[in-house]
Structure formats: structure tokens, C-alpha cells
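Beneath this line is the structure, given in C-alpha cells, with notes to follow.
Numbering (this note's numbering), first residue to last: 43 to 304.
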């Protein structure tokens, strides 16, 4: 398909995003950069005007470069996960999927959208971390990930160092610059963690302490029971037999010594 501008915003479309159709947008893939430069110098334009929401603004384009490509599916009822195949549309300049019911993670394949200038995924139900791969989008001027359920560190570097709080509002699980919420960093070295994990796996102190505790309780209970009910018969018999054996042995020894003296 040779479509370069897709604007289906503010409708009632629902269901999953049409991955099959998105994969077929050949005009948004692999634009020749040499050819693109010539078109920027004043060659091919669309003469028809069109209203496009890009970089957070609704703009009327009177003349549109043949290389300009954008997708706006915002303000619908799309649900499900964002197709990873969108990352193959590497000539996209703008992508707006905001105000839908999209869930799941932000695809790391978005890092392939090297020409992307505007990315709006706000007001969805996205979860997980912001992919580090997005820091490679060096043309990105506008980023809006607000009103989702994203968590973890906000990536740093390149264009991400220029975005403010508004790009991340209402994601309570996010932390780090530019937000005031600091990330809790575990400074324990990985080697120490692995050693501790192996030690814990080979010897469980909790089980050992529980065993000692149970033994102590049982021992004390038996001791108290013996003193409360008096001397048990088996214990008395055993003690008396031991005393009798000692006395018998003592008498035999005395008799033998007396016989030797005579």
C-alpha cells in the first residue's frame, strides 16, 4: 500500500490494532535517504491540504512532502497489545495511539523508528518499563507516555534528557529524572548476590532454627510433665536395677579380696 498519512482519529473503532494492514504499509518503510534529500529541496509535494495531529498540535499541512509519513489512530476504542511490527515502519515521522485501551508493554522494536519525531502513547493501559531502545530515536522531539501504568527507571541519554515531567505524568511506578521520585538502587554487587543465593540454597537457617526451637519446647514440656505427675514407674525401676547391680558388684569384689588374704 502507498498510504503515507493515516488519520482515523476520533472514531469508535474497537478491537485489536489491525497488524496485517500495518505490516502492508510499504510507503512507511525504507525510504531512500538520497531520494528524500532531493524531495526536501523542492521537488515532490502533495498539493492537497490535510489536518494532522503531530507533536501534540493539530496542524493543517497545505503542501506535504512526499516523504512525510504519519499514523494517527488516537481517540478510539482499540485494545490489546501494540503490534511489534510497527517497529518495521522505520520511515514514520509521527505515531499517535493515544486515548485507547491498549495494554501490554511498549515494543522495544520502536527503537527502529529512527526518523520518528513525535510519539504519543498517552491515556492507555500500558505496563512495564520504558524500553531503553527508545533512546536511539535522535529525531524525537515530542514524547507523551502519560496516564498509563508504566514502572521502573526512565531511560537516560540523547532526546530523553530533554523531556519534562509532562511526558510521564500519572505513571506512579516510574522514577528517576526528570521526576522528583528517586529510584531505589540496590548497591549489592552481583557477585555477592550470587554467592549469598548459593549459600542460602545449600543451607536453610530458618529450617534449622525451627528444628532447634521445636526440640527445646518438647524437652521442656516432657520435663515439666515428669515433675508434675511424679516419678514414673519405668524410671524408678531402671534406677533401682542400676543401684542393685552396683551393690552386687561391690560385695563380690570384697569377698574376692578377703579370700586372697587368707
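Where is the CB? At the ideal position from N, CA and C, for every residue including glycine.
{"Check": "Which same chain residues end up closer than 7 Å to residue 225 when comparing Cβ atoms and leaving out the 5 residues on each side of it in sequence?", "Outcome": "195, 217 and 218"}
{"Check": "What is the DSSP secondary structure of residue 138, counted as helix, strand or coil?", "Outcome": "strand"}
{"Check": "Rounded to whole angstroms, what's the CA-CA distance from residue 221 to residue 60? Just pull it up for me.", "Outcome": "35 Å"}
{"Check": "Among the candidates 198, 158, 115 and 140, whose CA atom is the shortest distance from the CA of residue 129?", "Outcome": "158"}
{"Check": "Do you know offhand how far residue 163's Cα is from residue 188's?", "Outcome": "8 Å"}
{"Check": "For a quick check, are the C-beta atoms of residue 180 and residue 202 less than 8 Å apart?", "Outcome": "no"}
{"Check": "With respect to the alpha helix (DSSP H) encompassing residue 64, which residues constitute its N-terminal and C-terminal limits?", "Outcome": "61-65"}
{"Check": "By Cβ distance, which residues of its chain are closer than 8 Å to residue 206, with the 5 residues on each side in sequence left out?", "Outcome": "220"}
{"Check": "Name the DSSP beta bridge partners of residue 143, please?", "Outcome": "121"}
{"Check": "Could you name the residues that DSSP lists as bridge partners for residue 195?", "Outcome": "217"}
{"Check": "When you compare the CB positions of residue 122 and residue 139, do they come within less than 8 Å of one another, or not?", "Outcome": "no"}
{"Check": "Using a 10 Å radius around the Cβ and a threshold of 16 neighbouring Cβ atoms, would you call residue 245 buried or exposed?", "Outcome": "For residue 245, the predicted model reports a pLDDT of 46, less than 50, meaning its position is unreliable; a value from the coordinates is still stated below. Result: exposed."}
{"Check": "Roughly how far, in whole angstroms, is the beta-carbon of residue 197 from the beta-carbon of residue 174, given that I think they are within contact range, below 8 Å?", "Outcome": "5 Å"}
{"Check": "Pick helix, strand or coil for residue 153, following the three-state DSSP scheme.", "Outcome": "helix"}
{"Check": "Answer yes or no: do residue 156 and residue 54 have a C-beta to C-beta separation smaller than 8 Å?", "Outcome": "no"}
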